[in-house]
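Engineer: Reading the sequence shown from the start, the letters are residues 2 to 141 in this note's numbering.
Quick one: the structure is below, questions incoming.
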Amino acid sequence: KARCKNGIDVPMVASTEAAYLAAFLDGEGSVISTRPMRNGAKTHTFKLEFYNSCLVVLEIMRGWCGNVGNLRKSVEETARWKAQYTWTISSYPAAAMLKQLISFMIVKKEAAQAALVIFDELAEQRKPSAPPRGRRRHDG
């Protein structure tokens, strides 16, 4: 298991499941990454989304990944269309999962690599800096 900064464990997925997940993400998913805005906003989005009308397949895949992320109905069923479901993995768990899948990806591999670079750069910037050494505050 990979322990993420936020304390969520992301299990190492077997290579056969990782290949299946990568292919699914390539065809029926999205790698979503946005940088913080230049106006100083610190918002950063990083997530993986898997979409399908078959809830069972998303539940199975989520189970392979230790039930990380959220699974929800994203589109209600109509007379013309089936219901649509979305499985979303965000932030550190998404990065940990994508690092396991990326070697199997084809279609979205380049975009996934770029997204991970952005995520890792921003994660490095968020690390707290060490307090200055040798200085003491004196009151009085």
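Backbone N, C-alpha and C fix where the C-beta goes; we use that ideal spot for every residue, glycine too.
Since we're looking at a predicted model, the values are computed, not measured.
Straight-line CA distance for VAL76 to TRP82?
Structural biologist: In a straight line, the C-alpha of VAL76 is about 9 Å away from that of TRP82.
Engineer: Hey, how far is the Cα of ALA131 from the Cα of VAL58?
Structural biologist: With a pLDDT of 48 at ALA131, under the threshold of 50, the predicted position of this residue should be treated as unreliable, though the coordinate-derived value follows. Whole-angstrom Cα-Cα distance: 46 Å.
Engineer: Report the residue from PHE105, LYS100, MET106 whose alpha carbon sits nearest the alpha carbon of PHE120.
Structural biologist: Among PHE105, LYS100, MET106, the Cα nearest to that of PHE120 is on LYS100.
Engineer: Would you mind stating whether CYS66 and VAL14 have Cβ atoms separated by less than 8 Å?
Structural biologist: Yes.
Engineer: Suppose you measure from the CA of PHE47 to the CA of LEU26; what does that come to, to the nearest Å?
Structural biologist: Cα to Cα, PHE47 sits roughly 15 Å from LEU26.
Engineer: May I ask you to report which of helix, strand or coil DSSP gives GLY30?
Structural biologist: GLY30: strand per DSSP, three-state reduction.
Engineer: With a threshold of 16 other CB atoms inside 10 Å of the CB of GLN126, please say whether the residue is buried or exposed.
Structural biologist: The residue is exposed, with fewer than 16 neighbouring Cβ atoms inside 10 Å.
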